[in-house]
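Student: When the count follows this note's numbering, it moves up by one through the sequence shown with no breaks and lands on 1237 for the last residue.
Attaching a single structure in structure tokens format; questions to follow.
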Amino acid sequence: MAILEILHFPDPRLREATSPISTFDDALSRFIDDMFETMYDAPGVGLAATQVGDTRRVAVMDCSDDKTEPLVMCNPEILWAEELETVDEGCLSVPEHYDRVKRYARLRFAAQDRHGERYEMDAEGLLAQCVQHELAHLDGGLYIDQLSRLKRERIRRKLAKAARQSEAEKAGG
Ligand code: GNR
Ligand code: NI
């Protein structure tokens, strides 16, 4: 098991689209375990492969209060969704920012587990929000894409500066 590095906006790798998974092997299972470890450590309620610089179409989630409901979504798709609402959202790849975005309140999605077994699930509330958030990541999207260009640019400048400073600290010892 390993904790993976979570990329921060505006890292261009967050904009890469993912490719469907066709091989459900031990290497995939180990990667999924690393993603869970990284997500619980962060801590977060979801994590997409895109956020750790990987282009496999997989995300993990656990929206339970006691962190006992791990969910693996390989090749997820939303089957239907209803009642668009405005909700508060954050992202591990956009640290220290929260804003209001539009998400569906309820949906049904299909995905495959780590063994390639297909399942369908109904989701509402935070879980429904998280499914939409992780699917966006797998297509190179971020919740801040819903904000005004001015807000997004402000966030971009602040995080690019923070990234430069952390690079400088690493170089300077
Ligand atoms: O941990 C997370 N919390 C969260 C809160 C509201 C809406 C979406 C999320 S997902 C986020 C973790 C993350 O960045 N997943 O990609
Ligand atoms: Ni995110």
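The beta-carbon is built from N, C-alpha and C at its ideal position, and this holds for glycine as well.
Would Thr1082 and Thr1102 be called neighbours here (beta carbons separated by less than 8 Å)?
Tutor: For Thr1082 and Thr1102, no; Cβs fall outside 8 Å.
Student: How long is the line joining the alpha carbons of Gln1193 and Leu1211, rounded to whole angstroms?
Tutor: Near 17 Å, if we compare the C-alpha coordinates of Leu1211 and Gln1193.
Student: Put Cys1127 into one of helix, strand or coil per three-state DSSP.
Tutor: Looking at Cys1127 - three-state DSSP - the assignment turns out to be coil, as it is neither helix nor strand.
Student: Let me know if Gln1229 comes out buried or exposed under the rule of 16 or more other beta-carbons within 10 Å of its beta-carbon.
Tutor: Its Cβ having fewer than 16 others within 10 Å, Gln1229 is exposed.
Student: How many whole angstroms separate the CB atoms of Arg1182 and Ile1096, which I take to be in contact at a CB cut-off of 8 Å?
Tutor: With a Cβ gap of about 16 Å, Arg1182 and Ile1096 do not count as contacting.
Student: Say whether chain D places a C-beta atom closer than 8 Å to the C-beta of Ala1224.
Tutor: The structure shown has no chain D; it contains just one protein chain.
Student: Using the Cβ count rule (16 or more neighbours within 10 Å means buried), how would you classify Arg1221?
Tutor: Exposed is the call here.
Student: Kindly indicate which residue of Leu1214, Asp1130, Thr1119 has the alpha-carbon position closest to the one of Pro1076.
Tutor: The residue with the shortest Cα to Cα distance from Pro1076 is Thr1119.
Student: In the DSSP assignment, what are the bridge partners of Asp1186?
Tutor: Looking at the DSSP assignment, Asp1186 forms a beta bridge with Arg1172.
Student: Need the endpoints of the alpha helix (DSSP H) that Leu1223 sits in, please.
Tutor: Looking at the DSSP string, the run of the alpha helix (DSSP H) that includes Leu1223 is 1213 to 1236.
Student: Going straight from the alpha carbon of Ala1169 to that of Ala1227, what length do you get?
Tutor: Each residue's alpha carbon lies about 34 Å from the other.
Student: Below 7 Å, is the gap between the Cβ of Gln1196 and the nearest heavy atom of the ligand NI?
Tutor: Result no, Cβ not under 7 Å from the ligand NI.
Student: Under 7 Å from any heavy atom of the ligand GDP, does the C-beta of Leu1156 make it?
Tutor: For the structure depicted, the ligand GDP is absent and the ligand set comprises only the ligand GNR and the ligand NI.
Student: Identify the continuous alpha helix (DSSP H) that holds Ala1091 and give its terminal residues.
Tutor: Per DSSP, Ala1091 belongs to the alpha helix (DSSP H) from 1090 to 1105.
Student: Do Val1109 and Leu1206 have their CB atoms nearer than 8 Å?
Tutor: Result no, Cβ atoms of Val1109 and Leu1206 do not sit closer than 8 Å.
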